[in-house]
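Just so it is clear: in the sequence shown, position 5 is 160 by my numbering, and no numbers are missing.
One structure below.
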Amino acid sequence: MRGTKTMAEHTGPIVAGTVGDDVLTVHKLRVLDESAGSRRAVCDAGKPGDVTDEWARTVNCPECLAIDTE
Ligand SMILES: [Zn+2]
156 MRGTKTMAEH
166 TGPIVAGTVG
176 DDVLTVHKLR
186 VLDESAGSRR
196 AVCDAGKPGD
206 VTDEWARTVN
216 CPECLAIDTE
């Protein structure tokens, strides 16, 4: 009997950062591929290919804050 839950494939660590040209909105970014620097805002902001920057700042995107990522 297996007791291990299967996690979603895109589950990775969460960091704070910005997406694309909007450097004022700090999102929760899920790290999809650390080696490739691939991150995606959990609120789905921006486009899949948008550049993301990791910031040591507090998340202020209301949509991201409304999504429970724990
Ligand atoms: Zn967001």
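Glycine included, each C-beta is placed from N, C-alpha and C at the ideal position.
Requested in this report: List the DSSP bridge partners of K183.
Outcome: On the sequence shown, residue 183 is found 28 positions in, with the first residue counted as 1. DSSP lists A171 as partners of K183.
Query raised in the report: Quick one: does the C-beta of E218 sit closer than 7 Å to a heavy atom of ligand 1?
Result: Locating residue 218 in the sequence shown gives position 63, counting from the first residue. Flag set: Cβ of E218 near ligand 1.
Query - Contacts around G167, its chain only, beta-carbon distance under 7 Å, and the 5 residues preceding and following it disregarded - result: Numbered from 1 along the sequence shown, position 12 holds the residue referred to as residue 167. The answer, listed in chain order, is R185, V186 and L187.
Query raised in the report: Run through DSSP, which three-state label would A196 get?
Result: Position 41 of the sequence shown, counted from the first residue, corresponds to residue 196. DSSP, read as helix, strand or coil, puts A196 in strand.
Query raised in the report: Can you give the Cα-Cα distance for G175 and E225, rounded to whole angstroms?
Result: As a position in the sequence shown, residue 175 is number 20, starting the count at 1. As a position in the sequence shown, residue 225 is number 70, starting the count at 1. Taken atom to atom, the span from the alpha-carbon of G175 to that of E225 is near 25 Å.
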